[in-house]
Amino acid sequence: MDTATHMLRTGRRGALFEVNMALRDVRSSVQRLGLAWSLASHDVVSRYRGSILGPFWITLSMGLMVAGMGFLYARLFEISLHDFIPFVATGIVFFGAISGIINEGCDTFVHAAGMLSQTSLPMFTFLWRTVLRNLINLAHNFVIILGVLIYFGYWRSMNLPVAVLGLGLLVVNSAWVSMLAAIASARFRDVPQIVVSVMQFAMFMTPVFWVPGRLGRAHAILVFNPFYHMLEAVRAPLLGAQPDAHTYSFLALMAVVGWALTFTIFTRTRRRIVHYL
Amino acid sequence: MSHQVSISVSDLSIRFPVYGVDAKSLKKSLARVTVGGRLGLTLAGATEVTALSNVNVELRAGDRLGLIGHNGSGKTTLLRALSGAYEPDEGMIDVHGHIAALLDLGLGIDPSATGYDNIRLRGRIAGLSAKGIESRMDEIAEFTGLGPFLAMPVKTYSAGMQARLAFAAATAVEADVLLMDEWIAVGDADFQKLAHKRLLNLVERAGILVLASHDLDLLRLYCNKVMRLEGGVASPVTDIRKLAELMAA
Chain A
22 MDTATHMLRT GRRGALFEVN MALRDVRSSV QRLGLAWSLA SHDVVSRYRG SILGPFWITL
82 SMGLMVAGMG FLYARLFEIS LHDFIPFVAT GIVFFGAISG IINEGCDTFV HAAGMLSQTS
142 LPMFTFLWRT VLRNLINLAH NFVIILGVLI YFGYWRSMNL PVAVLGLGLL VVNSAWVSML
202 AAIASARFRD VPQIVVSVMQ FAMFMTPVFW VPGRLGRAHA ILVFNPFYHM LEAVRAPLLG
262 AQPDAHTYSF LALMAVVGWA LTFTIFTRTR RRIVHYL
Chain B
180 MSHQVSISVS DLSIRFPVYG VDAKSLKKSL ARVTVGGRLG LTLAGATEVT ALSNVNVELR
240 AGDRLGLIGH NGSGKTTLLR ALSGAYEPDE GMIDVHGHIA ALLDLGLGID PSATGYDNIR
300 LRGRIAGLSA KGIESRMDEI AEFTGLGPFL AMPVKTYSAG MQARLAFAAA TAVEADVLLM
360 DEWIAVGDAD FQKLAHKRLL NLVERAGILV LASHDLDLLR LYCNKVMRLE GGVASPVTDI
420 RKLAELMAA
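Chains as they are written, first to last, in the working numbering: chain A, 22 to 298; chain B, 180 to 428.
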């Protein structure tokens, strides 16, 4: 039990108070990141409880997908396995993380209805729960990437620190989209369907299984595709290349604008979210 | 610390926007009803239920407040507002002290997880640290009386066993402000006795108790003050000895 005097202050106290409350929500959710972690790991464990492989089903099914896609598309596109399999493995795994964070964002508050309606837990705790759950999944899938990168010899040329930076940008950007999806899905029950459709469409419009070189690097589908940049920021350094400066400026701008928008919407809807559910 | 425990509610109003209801069909039922709050229409056309209007409560350490009223009169809404889950549309709430809300025993119970895991999860939600839970685990486990069943998934439990687990986990917290929706002593006769004792213990340690109940004898037993809610409108906080007059009014 925390011994600090707990204090609850709510009420209509003006716009500034709303901003402070929203900030406080974020702050206390970060202070209680352990709770989000407990919930996230509980989610993963309970999903695979009773199965023999447990969470390594995530790894196995992703491995099958990578192998199938890798061999088939390498043949179709007439690219060598050495070039294509690491490309498609990183593509599927990291795009899976992006779409997992965003798609599951739709359930963030809907599934937490019981807890939200009788405790004063911070709202952001549930966003971190969704994000952390997907990072746990990602960690299981990373085994495949590691195996592929070692097998095809990319471990010599990969730039891990830059890839970690890229992963950070990927998470920061998917997280705000996830939060917006969470708020919108609580209010409008059509949103999850829309989000799933958009993410599916995005998967085919983004160079996950196809190589961007074939389209021409300056094509609008690449230049203005946020998913391409998120993916590129992690994938390129792992495959021994350097992401474009454009990718970094795009992601940085997207993070700043996106979080500003999300925080504004959160500030305005925070008190209402529990009633949406 | 308990000397600074207090609850201060002033001019509290809470309105629920109800989404996805045909607003037109509700226009006819604008009249005040005895069961439930008042229904109204906002400018946007979404239906709103006024669950609480202009509620004022001041409580100090040592106060045990009973809430009475019909179903839907706003008792649970008030408790949820005090727990911080619902935010006021008008007015203010200040609560000093650590709050424990025992509103729904099933909170955070995962049927496919073991009894131990559920105690851990519930404890984490209530604000205990992982270490704090482990240090209390033996005591909680003993209190449930479930023994080896705690290592089994909760879905294999009987309803009574589930209630024991939920009760033990939910009441493992210590709090300055205890919010209860009905006196939640559960289980068979033996366990009920234990549960009563444990709740009394909690109540004694808490600075303030707010208990919603329909049972007047219960309120007389545990509360020293009482407030009646009627369609979201609250009576003044009165002494428990005037309960009969309050009910007649």
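Glycine residues also receive a C-beta, built at the ideal position from the N, C-alpha and C atoms. Being a predicted model, the structure only gives us computed values, none of them experimental.
If you follow the beta strand (DSSP E) that residue 133 of chain A is in, where does it begin and where does it stop?
Per DSSP, residue 133 of chain A belongs to no beta strand (DSSP E) and is neither H nor E.
Taking only the alpha-carbon atoms, compute the straight-line gap between residue 84 of chain A and residue 165 of chain A and give it to the nearest angstrom.
Spanning the two alpha carbons is a distance of roughly 6 Å.
Do residue 249 of chain A and residue 228 of chain A come within 8 Å of each other at the CB atom, strictly closer than that value?
In contact: residue 228 of chain A and residue 249 of chain A (Cβ atoms closer than 8 Å).
Between residue 274 of chain B and residue 295 of chain B, what straight-line distance do the alpha-carbon atoms span, to the nearest angstrom?
So the two alpha carbons sit approximately 32 Å from each other.
Please list, in chain order, the residues of the stretch 384 to 417 of chain B that have any C-beta partner in chain A closer than 9 Å.
Here the close residues number zero.
With 9 Å as the limit, tell me which residues of the stretch 274 to 296 of chain A have their beta carbon closer than that to any beta carbon of chain B; keep them in chain order.
Under the 9 Å Cβ criterion, the stretch 274 to 296 of chain A contributes 291, 292, 293, 295 and 296.
What are the partner residues of residue 150 of chain B, as DSSP defines its beta bridges?
Coverage of chain B is limited to positions 180 through 428, which leaves residue 150 of chain B absent and any answer about it impossible.
Quick check: is the beta carbon of residue 144 of chain A nearer than 8 Å to any beta carbon in chain D?
Among the protein chains of the structure shown, namely A and B, there is no chain D.
Thinking just about the alpha-carbon of each residue, which of B/426, B/411, B/402 and B/408 is nearest to the one in residue 419 of chain B?
Per the Cα distances, B/402.
Using the Cβ count rule (16 or more neighbours within 10 Å means buried), how would you classify residue 335 of chain B?
Exposed: under 16 other Cβ atoms inside 10 Å.
Which chain B residues are close to residue 136 of chain A, counting only those with a beta carbon under 8 Å from its beta carbon?
Neighbours of residue 136 of chain A on chain B, chain order: 286, 287 and 304.
Please specify which runs of the alpha helix (DSSP H), each continuous and at least 4 residues long, are wholly inside the stretch 232 to 291 of chain A, giving them in chain order.
As far as the stretch 232 to 291 of chain A is concerned, its whole alpha helix (DSSP H) runs of at least 4 residues are 241 to 244 and 247 to 259.
By alpha-carbon positions, which one of A/74, A/279, A/191 and A/54 ends up nearest to residue 144 of chain A?
Nearest option by C-alpha distance: A/54.
Going by beta-carbon coordinates alone, are residue 363 of chain B and residue 300 of chain B separated by less than 8 Å?
Result no, Cβ atoms of residue 363 of chain B and residue 300 of chain B do not sit closer than 8 Å.
At a cut-off of 7 Å, would you count residue 68 of chain A as near the ligand HEM, judging by its Cβ distance to the nearest heavy atom?
The ligand HEM is not among the ligands present in this structure, which contains no ligands whatsoever.
What does DSSP give as the partner residues of residue 195 of chain B in its beta bridges?
Paired residues: B/228.
Work out the CA separation of residue 303 of chain B and residue 309 of chain B for me, nearest whole Å.
In a straight line, the C-alpha of residue 309 of chain B is about 7 Å away from that of residue 303 of chain B.
Skipping 5 residues on each side, what residues in its chain have a beta carbon closer than 8 Å to that of residue 291 of chain B?
Same-chain partners within the cutoff: 332, 333 and 334.
Is residue 236 of chain B close to chain A? Criterion is C-beta to C-beta, closer than 8 Å.
By this cut-off, residue 236 of chain B is not an interface position.
How is residue 237 of chain B classed by DSSP in three states: helix, strand or coil?
Three-state DSSP puts residue 237 of chain B in a strand.
Could you check if residue 101 of chain A is buried or exposed, using at least 16 other CB atoms within 10 Å of its CB as the buried criterion?
Result: exposed.
Restricting to Cα atoms, I'd like to know which of A/130, A/161, A/235 and A/139 is closest to residue 117 of chain A.
The residue with the shortest Cα to Cα distance from residue 117 of chain A is A/161.
For the putative contact between residue 266 of chain A and residue 193 of chain A, defined by C-beta atoms under 8 Å, what is the C-beta separation to the nearest angstrom?
Residue 266 of chain A to residue 193 of chain A, Cβ: 18 Å. No contact.
For residue 368 of chain B and residue 374 of chain B, I'd like the C-alpha separation in whole angstroms.
Distance between the alpha carbons of residue 368 of chain B and residue 374 of chain B is about 10 Å.
Counting only runs that start and end within the stretch 270 to 334 of chain B, where is the alpha helix (DSSP H) found for 4 or more residues in a row?
The stretch 270 to 334 of chain B contains these whole alpha helix (DSSP H) runs: 294 to 304 and 309 to 323.
Compile a chain-ordered list of the residues in the stretch 253 to 266 of chain B whose CB is closer than 7 Å to at least one CB of chain A.
Within the stretch 253 to 266 of chain B, the residues whose Cβ lies closer than 7 Å to some Cβ of chain A are 259, 262, 263, 264, 265 and 266, listed in chain order.
Can you pull the DSSP bridge partners for residue 474 of chain B?
Any answer about residue 474 of chain B is impossible in this case: the structure gives chain B only from 180 up to 428.
For chain A, is any of its Cβ atoms less than 8 Å away from the one on residue 291 of chain B?
Cβ-Cβ to chain A under 8 Å: yes for residue 291 of chain B.
Tell me whether residue 252 of chain B is buried or exposed, calling it buried when 16 or more other Cβ atoms sit within 10 Å of its Cβ.
Answer is buried; the Cβ neighbour count reaches 16.
State the Cα-Cα distance for the pair residue 184 of chain B and residue 296 of chain A, rounded to the nearest angstrom.
Whole-angstrom Cα-Cα distance: 29 Å.
Check the Cβ-Cβ distances between residue 319 of chain B and every residue of chain A, and say whether any is below 8 Å.
Cβ-Cβ to chain A under 8 Å: no for residue 319 of chain B.
Can you find a CB in chain A that lies within less than 8 Å of the CB of residue 349 of chain B?
Chain A contact via Cβ: absent.
Using the Cα positions of residue 219 of chain A and residue 195 of chain A, report the straight-line distance between them to the nearest angstrom.
Roughly 14 Å separates the two Cα atoms.
Which residue wins for smallest C-alpha separation from residue 387 of chain B, given the options B/193, B/231, B/412 and B/242?
For the residues B/193, B/231, B/412 and B/242, the minimum Cα distance to residue 387 of chain B belongs to B/242.
What do you reckon, are the CB atoms on residue 303 of chain A and residue 242 of chain A nearer than 8 Å?
No information on residue 303 of chain A is available, as it lies outside the stretch 22 to 298 that chain A covers here.
Quick one: which residues of the stretch 45 to 71 of chain A get their C-beta closer than 9 Å to a C-beta of chain B? List them in chain order.
Under the 9 Å Cβ criterion, the stretch 45 to 71 of chain A contributes 53, 55, 56, 59, 60, 63, 66, 67, 70 and 71.
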